[in-house]
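Structural data, given as structure tokens:
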């Protein structure tokens, strides 16, 4: 999460925004974001339906990749401006990969090579 | 009690021997062709880490720590010292220190709240001063703390360094039991490492900045 | 009181519409698929809606994580 915060100035130039998603309620997420000085929103999906749709949650244990039960798995998704999923990665985000992809997406979107 | 102390000392010697041998062999062994050598000696009394960094390395009794696939840090050294547990010093180059502000002072403030937060050490900043490192603006931060419950104390020196739009760090931490004595020599080797450290080529973010400019973004 | 109810309704109703409206079942999401839409409350005190806030405007990076105040 901190890595996203460090790259915010680059995301801005690439016309990209970032969201964290957790199962916690908005107040808990607010304090969590403040504790890490995060400058982007964390959204709450308390019932887990949205995370299920994104493949980051399952009610049936065990749930990979780390086998944790009834919490979201760590997963990063990149969606382009047209609403298409362009990247899925389980585990910790690879921020350099994400930046390279966002540059590609923004070039595409501006019709550049 | 005396016999136990001797045994532990012998054990430490064996560990040191293994580390020296491993480090020695690691450095001297021929690498298969095509695979870059992690550490190689120059004729300037320095060491090259891949094709990325050049610096003054500590003596061979320090073990190399490396993390080539990404992780908490990329490159560091560890010295297991004489004396009861924990007697050791590590230092490292960390490309992404805790925090996210590109401002040195703000980053330092946040960094000190996260540094060693998991260790149970009651940490305090004893000194913080502006300085330069390799011609770049830096902050030198001195920290110390104790955890009497685990009979441990630690002393650290951290450099936060402004590199382009980002901040990188050099960190040295020495551990001792509560009644142990801190030594100066490992910190001197850290100083040599940090002061002599050269970046041989542009890092990811510097290259990325070039690409952004080329694309007009 | 009514704002709380509205939020509660959004949190419950939207996922139901999501499930009914999209017909995905629980098929695995993959690269190239349309991103499932969502409207959820944020830590910054407002509702975040995919179509209103991001679609047609910004690329979006989203990281799901296990729980607040755990190592991320």
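Protein chains in written order, with my numbering: chain A, 8 to 120; chain B, 147 to 363; chain C, 1087 to 1158.
Ideal Cβ positions, reconstructed from N, Cα and C, are used throughout, including at glycine.
Everything numeric in this text was worked out from a predicted model, so none of it was measured.
Straight-line gap, residue i to residue j (C-alpha atoms, nearest Å)
i	j	result
residue 360 of chain B	residue 108 of chain A	16 Å
residue 358 of chain B	residue 110 of chain A	8 Å
residue 82 of chain A	residue 303 of chain B	35 Å
residue 273 of chain B	residue 287 of chain B	6 Å
residue 192 of chain B	residue 102 of chain A	32 Å
residue 356 of chain B	residue 294 of chain B	50 Å
residue 20 of chain A	residue 89 of chain A	18 Å
residue 247 of chain B	residue 253 of chain B	5 Å
residue 278 of chain B	residue 1089 of chain C	54 Å
residue 185 of chain B	residue 63 of chain A	40 Å
residue 22 of chain A	residue 1144 of chain C	5 Å
residue 170 of chain B	residue 352 of chain B	Note that residue 170 of chain B has pLDDT 48, beneath the 50 cutoff, so the model's placement of it is unreliable and the number below is only indicative. So the alpha carbons of these two residues sit roughly 34 Å apart.
residue 117 of chain A	residue 18 of chain A	16 Å
residue 187 of chain B	residue 202 of chain B	10 Å
residue 11 of chain A	residue 85 of chain A	13 Å
residue 319 of chain B	residue 236 of chain B	6 Å
residue 1129 of chain C	residue 233 of chain B	44 Å
residue 60 of chain A	residue 37 of chain A	24 Å
residue 264 of chain B	residue 240 of chain B	18 Å
residue 1138 of chain C	residue 1132 of chain C	13 Å
residue 92 of chain A	residue 1117 of chain C	5 Å
residue 98 of chain A	residue 211 of chain B	23 Å
Interface flag, residue i vs chain B, CB-CB below 9 Å
i	result
residue 114 of chain A	yes
residue 94 of chain A	no
residue 103 of chain A	yes
residue 82 of chain A	no
6 Å Cβ shell around residue i - same chain, five flanking residues per side excluded
i	result
residue 354 of chain B	none
residue 244 of chain B	257 and 260
residue 230 of chain B	323
residue 1124 of chain C	1136
residue 344 of chain B	200
residue 1095 of chain C	none
residue 94 of chain A	85 and 108
residue 58 of chain A	52, 64 and 79
Same chain, Cβ closer than 7 Å to residue i, five either side skipped, listed in chain order
i	result
residue 297 of chain B	323 and 324
residue 283 of chain B	250 and 308
residue 1093 of chain C	1127
residue 335 of chain B	204
residue 1111 of chain C	Unreliable positioning characterises residue 1111 of chain C in this predicted model, as indicated by a pLDDT of 45, which lies under 50. The coordinate reading is nonetheless provided below. Nothing listed; no residue qualifies.
residue 174 of chain B	Any answer about residue 174 of chain B is weak, because its pLDDT of 44 lies below 50 and its placement is not dependable; what the coordinates show is given next. So the list is empty, once near-sequence residues are dropped.
Beta carbon proximity, residue i to chain A, threshold 9 Å
i	result
residue 1143 of chain C	yes
residue 352 of chain B	no
residue 1092 of chain C	no
residue 310 of chain B	no
residue 1129 of chain C	yes
residue 1148 of chain C	yes
residue 363 of chain B	yes
residue 358 of chain B	yes
residue 284 of chain B	no
residue 1138 of chain C	no
Close-in-space but distant-in-sequence residues of the same chain around residue i (CB under 8 Å, 5 per side omitted)
i	result
residue 346 of chain B	194, 197, 198, 199 and 200
residue 15 of chain A	25, 46 and 47
residue 271 of chain B	258, 287, 288 and 289
Any non-hydrogen atom of the ligand MN within 8 Å of residue i CB
i	result
residue 306 of chain B	Annotation note on the ligand MN: not contained in the displayed structure, which lists no ligands.
Cutoff 9 Å: residue i Cβ touching any chain C Cβ
i	result
residue 119 of chain A	no
residue 69 of chain A	Low confidence applies to residue 69 of chain A: its pLDDT is 49, below 50, so where it sits in the model is not reliable, and the reading given next is rough at best. Cβ-Cβ to chain C under 9 Å: no for residue 69 of chain A.
residue 22 of chain A	yes
residue 87 of chain A	yes
residue 61 of chain A	yes
residue 64 of chain A	yes
Bridge partners - residue i, DSSP secondary structure assignment
i	result
residue 221 of chain B	B:212 and B:239
residue 1127 of chain C	C:1133
residue 278 of chain B	B:283
residue 1145 of chain C	A:23
residue 1120 of chain C	A:91
residue 372 of chain B	For chain B, the structure presents residues 147 to 363; residue 372 of chain B sits outside this window and is missing.
Task: Short-range partners of chain B found in the region 32-43 of chain A, where Cβ spacing is below 8 Å - done: none
Task: Residues in the region 225-257 of chain B having any Cβ partner in chain A nearer than 8 Å - done: 242, 244, 245, 246, 247, 248 and 256
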